[in-house]
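Asks: Going by this note's numbering, 1163 is the number at position 655 of the sequence shown; the sequence numbering is gapless.
We put the CB at the ideal spot given by N, CA and C, even for glycine.
Quick one: structure below, then a few questions.
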Amino acid sequence: MSYVVNGRNFSEQPFAGQCLRTFLRTLGHHGVKKGCDGGDCGACTVWLDGAPIHSCITPAFRAEGRDVTTIEGLGTPENLHPMQAQFRDAPGFQCGFCTAGMIMTSAALTDAQKDDLPRALKGNLCRCTGYRSIEDAVNGVSAIEVALPGQAVGTSVGAPAATDVVTGRAEFTMDTTIEGTLHLKVLHSPHAHARIVSIDTSAALAVPGVHRVYTWKDVPRKRFTTAIHTDHLVDPDDTYILDNVVRFVGQRVVAVLADTIAAAEEGRRKVVVEYEVLPAVFDPEEAMADGAPALHGSDDPFVRDPEHNILLEIHGHVGDVDAGFAAADVIHEGTYFSPRVQHAHLETHGSIAWMDGERLHVRTSSQSPSIAKVKLSHLFDLRPDQLRVFCKRVGGGFGGKQEVITEDLVALATLDTGRPVSLEFTREEEFTTASPRHPMKLTIKLGATADGTLTAFQYRNISNTGAYGNHGGETLFAGGAAVSLYRCANKKFDAYSVYTNNVPSGALRGYGMTQPAFAVESAMTELALALNMDPLELRRRNIVRPGDSLVALEDGPDDVIFTEDGLGQCIDLVDTALGRAPVPTLGEEWLIGTGTASSLHETAPPTEHISEAWLTLGDDCIYELAIGTVEFGEGTSTAHVQIAANQLGTTPSRVRIIQSDTDRTGFDTGAFASAGLFVAGNAVLRASNALRDRLLAFAAHHTGVAVDQCSMDDDKIVCASTRLTLQELLGAARQRGIRFTVARKAYGSPRSVVSNTHGFRIAVHRITGEIRILSSVHATDAGVIINPAQVRGQIEGGVAQGIGFALTENFHVDAAGAMMNPNLRNYRIPTYADVPRTEVILVDSADSVGPLRSKGMAECCINPVAPALANALQNATGTRFRSLPLTPERIYTGLNR
509 MSYVVNGRNF SEQPFAGQCL RTFLRTLGHH GVKKGCDGGD CGACTVWLDG APIHSCITPA
569 FRAEGRDVTT IEGLGTPENL HPMQAQFRDA PGFQCGFCTA GMIMTSAALT DAQKDDLPRA
629 LKGNLCRCTG YRSIEDAVNG VSAIEVALPG QAVGTSVGAP AATDVVTGRA EFTMDTTIEG
689 TLHLKVLHSP HAHARIVSID TSAALAVPGV HRVYTWKDVP RKRFTTAIHT DHLVDPDDTY
749 ILDNVVRFVG QRVVAVLADT IAAAEEGRRK VVVEYEVLPA VFDPEEAMAD GAPALHGSDD
809 PFVRDPEHNI LLEIHGHVGD VDAGFAAADV IHEGTYFSPR VQHAHLETHG SIAWMDGERL
869 HVRTSSQSPS IAKVKLSHLF DLRPDQLRVF CKRVGGGFGG KQEVITEDLV ALATLDTGRP
929 VSLEFTREEE FTTASPRHPM KLTIKLGATA DGTLTAFQYR NISNTGAYGN HGGETLFAGG
989 AAVSLYRCAN KKFDAYSVYT NNVPSGALRG YGMTQPAFAV ESAMTELALA LNMDPLELRR
1049 RNIVRPGDSL VALEDGPDDV IFTEDGLGQC IDLVDTALGR APVPTLGEEW LIGTGTASSL
1109 HETAPPTEHI SEAWLTLGDD CIYELAIGTV EFGEGTSTAH VQIAANQLGT TPSRVRIIQS
1169 DTDRTGFDTG AFASAGLFVA GNAVLRASNA LRDRLLAFAA HHTGVAVDQC SMDDDKIVCA
1229 STRLTLQELL GAARQRGIRF TVARKAYGSP RSVVSNTHGF RIAVHRITGE IRILSSVHAT
1289 DAGVIINPAQ VRGQIEGGVA QGIGFALTEN FHVDAAGAMM NPNLRNYRIP TYADVPRTEV
1349 ILVDSADSVG PLRSKGMAEC CINPVAPALA NALQNATGTR FRSLPLTPER IYTGLNR
């Protein structure tokens, strides 16, 4: 068979049933991505005779004798296709995993299709951007700016990898071919709770190409937690690589290693497992009851009450809530539910391992290679020098890759066989085995005097941690941010993280604050209505102000510093913006409503967060910045380069970044909780200042000029009337045996506070329950803005995710605990047509101990979105909906009770 790909002829033969996507990747065209393998996401889009198609559902043989164009053939870095240039300059990407497919679709659009982008882009999904920057890219709107030397901060410079992303040359985790690679496939439990009686692997081992079948007897019998934190003691060691007891539908039972994916899948089908099915419990309150099946033993001291399946409980109070309620003129109490939702990053989890001599190398899709290395060292008794863990570009994370859930199996198989081993999740495995957001049921009771002063605040949270406790405790504690948002002398906080026979919950953008924000902000609006008071006015009277302590559990010392009223400004700015937004005239079947909500977020986790930056002036006079932070669309690589260029008096093009490689960078806790800017950015700042000072001191000594008369000037140093090039400086330093290289560390303390407020105006169809978003406004206090375009993009993406959380996304699980909609088509993340353009307002502030007074804000912008929508819905209909998602069916039922 003959194929023409990007103008080159290939005579390879696809195997029977092979799709065009996998065939093109075997030919080396790694710009063709796998996001779903179901025709749902468009990441695999290529042209067939000039027409865009989804290559994952196109049989390879159909391309025989036809022209296939992939992103690599559309343009080159030196000669970009106009659409590639527009996506680079908008910029129309964040993580970049969807970008190749999005460009291939967009580049084929007619003018008429560009006028109807909701329809034209319906086959391409993006989880990062919120689509508005993609719209700008398609329409040729550019936001990228050129930074002058020493003036990079505050400028919307492009990402260092932008050209590679838009040409398909940026390497993601699975974009490599290693000769002799073996492939893993996992057999998952069909039962929510069972003990494995026996496993017969003989038929699987007889399948041609199968090398190993790993069971719980073949792995180190060591407990660990899959959750990634510097301090592993904040999470329970309740997990084995493979176990003889399964606790959720989808849990690993057996791992099959074979020459090909097809052989591994066939071997998996041949494994025979005998189970003793055990009683299961799916509701956390039922799991806490006397007589419920106990899911874990009592040998982990972290687990608070194994008999009642309570992983952790937190109790705290200030003042006397009973007295506070007695003093209240109005009391509101309500129970609110937030469901399980998935990250849906388009790159699924995946890892590749191989040996280089006696050293194990693991290439992985992770938000923290440093801590993944620590966990693998523990599991397999490896010294740190025997192991390297690293990331290429990662295709989205949102907290989902703050886990070790593929690295352990590939390490196991490579250490066993000495062969390279690959494991890549399917989209279904991503839904059924990875760790989604914790479902939470919160009861909020508020008391206030007639003038709106809060007198009592009672908070009770039942969090469903699922079968294992990864992140169960830390997300529970994080909910205190929703309580500390408001001043009140009397507060009571009770929270429980409970084991159930559901897929384990984990970290997701907002990290334990999104669900409490929905509950508390909904309750505050309900209280305002009971007081016959404007909801924003109630908030203004009670929000924390500079000088107030952030109090949730106790009134003790903390390391949080804030001196400006960023939250008050956010509320006022959103109120003004909604007031000037036009209100369309719709038919009488539409109800119009407005709603707002707010949130606070501390700029680093309360647990230890560490980052180390290395900075060197290279022989080519380019600064080389090495930092362990992973780039997965959060934009830290761009911000780090800007900080370094700013302090070194140069331009971003003169800073080369090396990241996320335990052999080539220092320790970094990980890119989560917006610490990639706040903590790692501070490490970069300190390293940049230290290297600058060393260069200036050497130049001063070399020229005989006082150091205060020396300054950085792009590729030169000016000392009074003398201008030294960096090349001349390097030459003088070499003669004295001096290298210009420094290392600096930063920690996540003290911390600052990010404030944000979101407002919506919506229309609700009184008959069908459909919601249309008419206006969307978001204000944030993000300190000094490093890159305005990136900040706006992060907010737009967070708002889009929040809209999905509020309106469409949900796990549908049957009575036996199995997910019924484990694909993107039926799970329903927002498409282009679902997401409005959001007006983003940046508060002018410098209230931060972050790098150059900046604050990380990508984590928290999701938090006020769902409650703002719920409050707008109540304003429109007069009916309060306390459970998410706010689907048309739920609204229709509520309005017609």
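1) Per DSSP, which one or two residues make a beta bridge with glycine 1103?
2) Thinking threonine 1022 and asparagine 517 are a contact (beta carbons under 8 angstroms), I'd like their distance in whole angstroms, please.
3) In terms of residues, what are the limits of the beta strand (DSSP E) holding lysine 541?
4) I need the DSSP call for lysine 909, collapsed to helix, strand or coil.
5) Here's a check: name, in chain order, each residue in its chain whose Cβ is nearer than 6 angstroms to the Cβ of proline 1258, leaving out the five neighbours to either side.
6) Would a C-beta distance cut-off of 7 angstroms place valine 761 and leucine 695 closer than the cut-off?
7) In the DSSP assignment, find the unbroken beta strand (DSSP E) run with valine 991 in it and report its ends.
8) Considering aspartate 916, what are the terminal residues of the alpha helix (DSSP H) in which it resides?
9) Suppose the cutoff is 6 angstroms on Cβ atoms and the five residues either side in sequence are ignored; what does the same chain contact list for valine 902 look like?
10) Could you give the C-beta distance for leucine 887 and leucine 868, rounded to a whole number, given that I count them as a contact under 8 angstroms?
11) Taking tyrosine 1004 as part of the beta strand (DSSP E), name the residues at either end of that continuous run.
12) Helix, strand or coil, according to DSSP, for alanine 1147 in the structure here?
13) Under a three-way DSSP split, which group does isoleucine 642 fall into?
14) Could you check where the beta strand (DSSP E) with serine 1283 kicks off and where it finishes?
15) What are the residues that DSSP puts in a beta bridge with tryptophan 555?
16) On the DSSP bridge list, what partners appear for glycine 955?
17) What residue from Ile1100, Asn817, Ile839, Arg1047 has the CA that sits closest to aspartate 798's CA?
18) Please report the Cβ distance between glutamate 1110 and alanine 989, rounded to the nearest whole angstrom; I am assuming they are in contact, meaning their Cβ atoms lie under 8 angstroms.
19) Do you know whose CA, among Leu556, Asn1329, Phe1313, Ala1314, lies nearest histidine 1320's CA?
20) Below 8 angstroms on the Cβ atoms is my guess for threonine 973 versus proline 1012; work out the distance and round it to an integer in Å.
21) How about proline 847 and isoleucine 686: do their beta carbons lie closer than 7 angstroms?
22) If you follow the beta strand (DSSP E) that lysine 693 is part of, which residue opens it and which one closes it?
23) Nearest by alpha-carbon distance to histidine 719: which of Asp683, Val764, Asp739, Thr1008 is it?
24) Could you pull the start and end residues of the alpha helix (DSSP H) that serine 494 belongs to?
25) According to DSSP, simplified to helix, strand and coil, what is aspartate 1221?
26) Taking DSSP's pairing of strands, which residues face leucine 1123 in a bridge?
27) Please determine, among Glu1317, Asp1342, Thr1276, Ala1366, the residue with the shortest C-alpha to C-alpha distance to isoleucine 1294.
28) Taking the alpha carbon of glycine 1055 as the reference point, which residue from Asp1073, Val742, Arg1333 has its own alpha carbon closest?
29) How would you call glycine 1178, buried or exposed, if buried means at least 16 neighbouring beta carbons within 10 angstroms?
30) Quick test of the definition: if touching needs 3 or more C-beta pairs under 8 angstroms, does the stretch 1145-1163 touch the stretch 1188-1200?
31) Any idea which residues DSSP pairs proline 744 with across the strands?
32) Determine, using beta carbons only, whether glutamate 784 and threonine 856 come nearer to each other than 7 angstroms.
33) Would you grab the beta carbon distance between aspartate 548 and leucine 1315 for me? Rounded to a whole angstrom, and I think it's under 8 angstroms.
34) Could you pull out every residue in the same chain whose Cβ sits closer than 6 angstroms to the Cβ of valine 1163, ignoring the five residues on either side in sequence?
35) Check whether the stretch 1258-1267 and the stretch 1194-1208 touch, using three or more Cβ-Cβ pairs below 8 angstroms as the test.
36) Please name the residue in Asp1352, Asp1322, Glu1347, Ile1311 whose C-alpha comes closest to that of alanine 1380.
Replies: Answer, in terms of the structure:
1) Translated into positions along the sequence shown, residue 1103 becomes position 595. In the DSSP output, where bridge partners are listed per residue, glycine 1103 has Phe1268.
2) As a first step, residue 1022 must be located in the sequence shown, where it is residue number 514. As a first step, residue 517 must be located in the sequence shown, where it is residue number 9. At roughly 52 angstroms, the Cβ-Cβ gap does not stay under 8 angstroms, so threonine 1022 and asparagine 517 are not in contact.
3) Translated into the one-based positions of the sequence shown, residue 541 becomes position 33. It is not in any beta strand (DSSP E) - lysine 541 carries neither H nor E in the DSSP assignment.
4) For the purposes of this step, residue 909 is identified with residue 401 of the sequence shown, where counting begins at 1. Lysine 909: coil per DSSP, three-state reduction.
5) Within the sequence shown, numbered from 1, the residue matching residue 1258 stands at position 750. Cβ neighbours of proline 1258 beyond the five flanking positions: Asp1067, Ile1069, Val1357.
6) Residue 761 sits at position 253 when you count from the first residue of the sequence shown. Residue 695 sits at position 187 when you count from the first residue of the sequence shown. It is a contact, given that the beta carbons lie within the stated cut-off.
7) Here the question's residue 991 lines up with position 483 in the sequence shown. From DSSP, valine 991 is part of no beta strand (DSSP E) but of the alpha helix (DSSP H) over 988-992.
8) Stepping through the sequence shown from its first residue, residue 916 is reached at position 408. Looking at the DSSP string, the run of the alpha helix (DSSP H) that includes aspartate 916 is 915-925.
9) As a working mapping, residue 902 is identified with position 394 in the sequence shown. These residues qualify, in order along the chain: Ser873, Val1138, Phe1140.
10) Taking the first residue of the sequence shown as position 1, residue 887 is located at position 379. Taking the first residue of the sequence shown as position 1, residue 868 is located at position 360. Not a contact, Cβ separation roughly 11 angstroms.
11) What you label residue 1004 is simply residue 496 of the sequence shown in a count that begins at 1. It spans 999-1007 - the beta strand (DSSP E) in which tyrosine 1004 sits, taken as one unbroken run.
12) Your numbering for residue 1147 matches position 639 in the sequence shown. Here alanine 1147 sits in helix by DSSP.
13) Within the sequence shown, residue 642 is the residue found at index 134, counting from 1. Three-state result, isoleucine 642: helix.
14) For the purposes of this step, residue 1283 is taken as residue 775 along the sequence shown, with counting starting at 1. Element bounds for serine 1283: 1279-1289.
15) For the purposes of this step, residue 555 is taken as the residue at position 47 of the sequence shown. DSSP, once it has assigned bridges, lists Pro560, Thr577 as partnering tryptophan 555.
16) The sequence position of residue 955 within the sequence shown is 447, counting from 1. DSSP lists Ile839, Ala964 as partners of glycine 955.
17) Position 290 of the sequence shown holds residue 798. With distances taken between Cα atoms, aspartate 798 lies closest to Asn817.
18) As a first step, residue 1110 must be located in the sequence shown, where it is residue number 602. As a first step, residue 989 must be located in the sequence shown, where it is residue number 481. About 7 angstroms separates the two Cβ atoms, so the contact holds.
19) Translated into positions along the sequence shown, residue 1320 becomes position 812. Minimum Cα distance to histidine 1320 is reached at Asn1329.
20) Taking the first residue of the sequence shown as position 1, residue 973 is located at position 465. Taking the first residue of the sequence shown as position 1, residue 1012 is located at position 504. The pair is a contact, with the Cβ atoms about 7 angstroms apart (cut-off 8 angstroms).
21) One-based indexing of the sequence shown puts residue 847 at position 339. One-based indexing of the sequence shown puts residue 686 at position 178. Not a contact, by the Cβ cut-off of 7 angstroms.
22) Here the question's residue 693 lines up with position 185 in the sequence shown. It spans 690-696 - the beta strand (DSSP E) in which lysine 693 sits, taken as one unbroken run.
23) For the purposes of this step, residue 719 is identified with residue 211 of the sequence shown, where counting begins at 1. Measuring from the Cα of histidine 719, the nearest candidate turns out to be Val764.
24) Since the first residue shown for the chain is 509 and the last is 1405, residue 494 is missing from the structure and cannot be characterised.
25) Stepping through the sequence shown from its first residue, residue 1221 is reached at position 713. In the structure shown, aspartate 1221 sits in a strand (DSSP, three-state: E or B).
26) Taking the first residue of the sequence shown as 1, we reach residue 1123 at position 615. According to DSSP, leucine 1123 bridges with Leu1133, Val1250.
27) Translated into the one-based positions of the sequence shown, residue 1294 becomes position 786. Ranking the options by Cα distance to isoleucine 1294, first place goes to Ala1366.
28) As a working mapping, residue 1055 is identified with position 547 in the sequence shown. When only C-alpha atoms are compared, the closest one is Asp1073.
29) Here residue 1178 corresponds to residue number 670 of the sequence shown, with the count starting at 1. So glycine 1178 counts as buried.
30) yes
31) Counted from its first residue, the sequence shown places residue 744 at position 236. Beta-bridge pairing links proline 744 to no other residue.
32) Along the sequence shown, one-based indexing puts residue 784 at 276. Along the sequence shown, one-based indexing puts residue 856 at 348. Contact flag unset, no.
33) On the sequence shown, residue 548 is found 40 positions in, with the first residue counted as 1. On the sequence shown, residue 1315 is found 807 positions in, with the first residue counted as 1. Going by Cβ atoms, the distance from aspartate 548 to leucine 1315 rounds to 18 angstroms, so no, they are not a contact pair.
34) Here residue 1163 is taken as the residue at index 655 of the sequence shown, counted from 1. Same-chain partners within the cutoff: Tyr1131, Leu1133, Val1149, Ala1152, Ala1153.
35) no
36) Here the question's residue 1380 lines up with position 872 in the sequence shown. Considering only alpha carbons, the answer is Ile1311.
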